[in-house]
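Residue numbers (the numbering used here), protein chains in the order written: chain A, 6 to 429; chain B, 65 to 341.
Worksheet for the structure shown next.
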């Protein structure tokens with residue numbers, strides 16, 4: 006695919022729409038920021054430190070060896086945590102930053118939609134600002150004359166266009182910014198975070214305009230933390246983590262990979278949380294609960310499950326002296342405090358007899374009916390008639406239900422009822 | 065070939081950065097004109113008299129200085145002191161205001177330069193353009209004073225664009241040099257104001273060069289480039305004669321070489337700006 010376009014002679018046909026044409030190509034890109042350890046403000050300080058050879062720089066690789074390309078007319082998503090290098094990558098494509106190493110090639114006019122209205126001047130009228138902003142995007146006054154009315158119409162600022170911008174509300178300001186940036190028909194549009202500009206009606210108009218861009222063959226580079234937006238709008242995506250490209254491919258697969266990483270990070274955090282301290286633990290500890298784990302169908306400890314999955318609660322204990330027929334129980338709460346259920350061994354008519362030494366109690370949920378959300382387990386052991394608390398871990402064990410990428414027949418709310426639909 | 069299809073950027077293909085910057089500045093001349101327009105329009109936008117202040121400000125300054133200095137020092141100038149002073153002030157203001165603005169604009173425009181590609185000399189060029197517009201407008205009150213105070217207006221007046229352009233070249237060169245410095249050392253912005261004050265008194269603006277003792281005069285005529293540029297400007301509007309080649313040549317050499325040095329350094333370092341601003 007790439008060799009085909011590379012061998013193509015540069016000529017008139019190069020400007021024709023071509024689905025396989027790569028309009029953005031990044032080859033082994035690295036960007037290193039040098040952060041001075043101490044801020045040097047004056048000549049004198051600089052001279053002194055330079056003489057003493059004390060100026061040290063911390064190297065910080067904002068991007069490391071990133072190679073990717075974006076095809077013409079494609080909506081390409083860029084995802085990753087904060088500080089992963091997304092903004093730096095956008096700057097490279099917008100020509101604002103030159104890579105420390107590697108090569109950037111961009112074909113066509115790039116219009117950044119970052120922080121719309123950044124180039125506006127408050128003392129100028131809306132009209133003057135439209136021309137000024139247009140010039141920043143590379144358009145002449147004559148070219149902007151042709152676009153002027155459409156911009157004003159789109160921004161709905163007919164009565165205010167000759168008032169200075171300082172009299173505008175922030176919503177009007179943003180509307181004008183969006184209208185100018187998108188009316189210039191760029192070849193490549195950079196959208197940093199999905200637009201949350203203006204009221205609902207304007208947002209719908211904005212979304213329609215982006216859609217129209219796509220239909221016209223504009224390449225759109227989108228940075229977003231909204232994974233369902235990336236999955237719905239983008240064909241392909243790239244995932245950055247600490248400056249490295251760790252996934253590249255279909256939007257769906259890259260989003261899955263990202264969520265996996267996020268979940269993994271969350272799991273280790275949740276697992277660490279699952280250690281009760283003195284604030285949420287009480288009882289005389291004749292029997293001590295030593296470890297509680299949630300396991301999946303393969304007997305692997307995990308804290309993220311999906312609806313319909315098998316969930317096993319494994320409670321390990323040590324009895325410091327023999328206890329006759331203790332009762333083990335758990336309670337499940339949603340994170341906002343809604344009590345879901347409170348099963349225990351007594352309700353289930355399980356008499357444990359004389360308990361001594363160490364052992365395990367297992368509670369198996371064959372088919373989890375809870376829907377997406379965050380939940381917590383409490384675990385407790387009491388004496389035979391439930392009058393004495395031996396050990397109680399109050400909401401100490403969090404877990405989460407996440408159905409991303411799994412086909413579940415019901416959604417929204419607390420639980421699945423596995424109802425059936427039929428058409429008579 | 066349509067212009068749209070040819071907009072390509074390749075970070076690996078670099079010609080000389082100074083030449084590349086020159087081409088880009090030319091490509092973006094619409095933007096620079098818009099920036100000049102913005103600066104001229106917004107400067108006095110919130111005042112009642114508006115753009116008239118471009119004319120009134122130097123007149124007021126001249127009036128005060130004329131009153132002060134003609135009472136205390138009584139300089140002997142060829143013609144009226146007021147026109148001598150105003151012509152010097154206008155030339156000096158072009159230099160001091162545009163260099164300061166070039167530097168401030170880069171710092172102000174820094175946020176913008178981090179978001180969208182613009183030739184990085186745009187703001188400095190716009191500052192010079194604004195300065196040229198202002199000095200052209202200020203020629204009106206200058207002519208007024210010349211006529212009132214009986215300074216002879218000769219054919220040498222048509223030479224006026226040459227010293228104005230040379231002043232603009234020199235200012236652009238200095239503006240780019242100090243802008244580059246200011247990116248690395250923010251203190252330069254403040255320091256430069258002090259330098260400017262000292263520099264002004266070392267330039268024959270409010271006094272004729274003849275009042276200085278010979279050794280000092282020698283130093284200033286040989287070491288202060290602004291001396292040549294201000295005098296050249298005065299020849300057209302005040303002394304009413306064309307410069308000799310010996311007077312013209314140093315001014316041309318100084319301003320062009322400063323411009324080249326400033327442009328070259330700025331373009332060479334400007335890739336690093338995005339890492340710093």
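The C-beta atom is built at its ideal place from N, Cα and C for all residues, glycine as well.
Values in this document were obtained by computation on a predicted structure and should not be read as measured data.
Mapping the DSSP letters down to three states, classify residue i as helix, strand or coil.
i: residue 383 of chain A; result: strand
i: residue 354 of chain A; result: coil
i: residue 313 of chain A; result: coil
i: residue 411 of chain A; result: coil
i: residue 189 of chain A; result: coil
i: residue 106 of chain A; result: strand
i: residue 426 of chain A; result: coil
i: residue 20 of chain A; result: Annotation note: pLDDT 39 at residue 20 of chain A (below 50); position unreliable, coordinate value reported separately. Residue 20 of chain A: helix per DSSP, three-state reduction.
i: residue 365 of chain A; result: strand
i: residue 300 of chain A; result: strand
i: residue 120 of chain B; result: helix
i: residue 128 of chain A; result: coil
i: residue 289 of chain A; result: coil
i: residue 84 of chain B; result: helix
i: residue 91 of chain B; result: helix
i: residue 7 of chain A; result: Residue placement at residue 7 of chain A cannot be trusted, given a pLDDT of 38 that sits under 50; what the coordinates show is reported in the next sentence. It is helical.
i: residue 338 of chain A; result: strand
i: residue 15 of chain A; result: Because the pLDDT at residue 15 of chain A is just 35, under 50, the model does not fix this residue reliably, and the value given afterwards should be weighed accordingly. Note: residue 15 of chain A maps to coil in three-state DSSP.
i: residue 326 of chain B; result: helix
i: residue 303 of chain B; result: helix
i: residue 77 of chain A; result: coil
i: residue 36 of chain A; result: strand
i: residue 135 of chain B; result: helix
i: residue 221 of chain A; result: helix
i: residue 96 of chain B; result: helix
i: residue 344 of chain A; result: strand
i: residue 68 of chain B; result: Confidence at residue 68 of chain B is low in this model, with a pLDDT of 42, below 50, so the placement of that residue should be treated as unreliable; the coordinate-derived value is given next. Helix at residue 68 of chain B.
i: residue 328 of chain A; result: strand
i: residue 390 of chain A; result: coil
i: residue 406 of chain A; result: strand
i: residue 432 of chain A; result: With chain A represented from 6 up to 429, any question about residue 432 of chain A goes unanswered, as that position is not in the structure.
Please list, in chain order, the chain A residues whose beta carbon lies closer than 7 Å to that of residue i.
i: residue 76 of chain B; result: 108
i: residue 170 of chain B; result: Per Cβ cutoff of 7 Å: no residues; residue 170 of chain B is ~14 Å from chain A at best.
I think residue i touches residue j, with their Cβ atoms under 8 Å apart; what is that distance to the nearest whole Å?
i: residue 339 of chain A; j: residue 378 of chain A; result: 6 Å
i: residue 357 of chain A; j: residue 331 of chain A; result: 6 Å
i: residue 228 of chain B; j: residue 192 of chain B; result: Residue 228 of chain B to residue 192 of chain B, Cβ: 11 Å. No contact.
i: residue 140 of chain A; j: residue 95 of chain B; result: 4 Å
i: residue 29 of chain A; j: residue 111 of chain A; result: 5 Å
i: residue 404 of chain A; j: residue 335 of chain A; result: Wrong, their Cβ atoms sit about 12 Å apart, outside the cutoff.
i: residue 320 of chain A; j: residue 366 of chain A; result: 4 Å
i: residue 134 of chain B; j: residue 145 of chain B; result: 5 Å
Taking C-beta pairs closer than 9 Å, name the residues in chain A that residue i reaches, listed in chain order.
i: residue 180 of chain B; result: 99, 100, 101, 115, 116, 117, 119, 123, 124, 141 and 142
Going along chain A in order, which residues have a C-beta closer than 8 Å to the C-beta of residue i?
i: residue 262 of chain B; result: Those within 8 Å of residue 262 of chain B in chain A number zero; the least Cβ separation is about 17 Å.
i: residue 72 of chain B; result: 110, 111, 112 and 113
i: residue 338 of chain B; result: 96, 101, 102 and 103
Report the neighbours of residue i on chain B: residues whose CB is nearer than 8 Å to its CB, in chain order.
i: residue 132 of chain A; result: Here the premise fails: no neighbours, minimum Cβ distance about 11 Å.
i: residue 502 of chain A; result: Within the shown structure, residues of chain A are numbered from 6 to 429, placing residue 502 of chain A beyond reach of any answer.
i: residue 26 of chain A; result: The contacting residues do not exist; residue 26 of chain A stays about 11 Å from chain B at best.
Which residues of chain B have a Cβ atom closer than 9 Å to the Cβ of residue i, listed in chain order?
i: residue 38 of chain A; result: 339
i: residue 173 of chain A; result: Neighbours of residue 173 of chain A on chain B: none; closest Cβ ~15 Å, over 9 Å.
Cβ closer than 7 Å: which chain B residues qualify as neighbours of residue i?
i: residue 145 of chain A; result: 94
i: residue 402 of chain A; result: By Cβ distance, chain B contributes nothing, its closest Cβ being about 46 Å from residue 402 of chain A, past 7 Å.
i: residue 137 of chain A; result: 98 and 102
(message) Short of 8 Å Cβ to Cβ, which residues in the region 92-108 of chain B face chain A?
(response) 92, 94, 95, 97, 98, 99, 101, 102, 105 and 106
(message) What ranges does the alpha helix (DSSP H) occupy inside the region 131-188 of chain A, keeping only unbroken runs of at least 4 residues that lie completely in it?
(response) 131-141, 146-160 and 175-188
(message) For a minimum of 4 consecutive residues, which ranges assigned as the alpha helix (DSSP H) are wholly contained in the region 138-197 of chain B?
(response) 145-177
(request) Give the residues from the region 319-336 of chain B that approach chain A closer than 8 Å (Cβ to any Cβ), ordered along the chain. (result) 335
(message) Please give me, in chain order, every unbroken run of the alpha helix (DSSP H) with length at least 4 that falls completely inside the region 255-281 of chain A.
(response) 256-278
(request) Scan the region 160-189 of chain A for residues whose Cβ lies nearer than 8 Å to a Cβ of chain B and list them as they occur along the chain. (result) 169
(request) Run through the region 231-306 of chain B for me and flag every whole beta strand (DSSP E) of 3 or more residues, listed as ranges in chain order. (result) none
(message) Please identify, using Cβ separations under 7 Å, the residues of the region 350-373 of chain A that lie next to chain B, in order along the chain.
(response) none
(request) Can you give me, in chain order, the residues of the region 218-234 of chain A that have a beta carbon less than 7 Å from any beta carbon in chain B? (result) none
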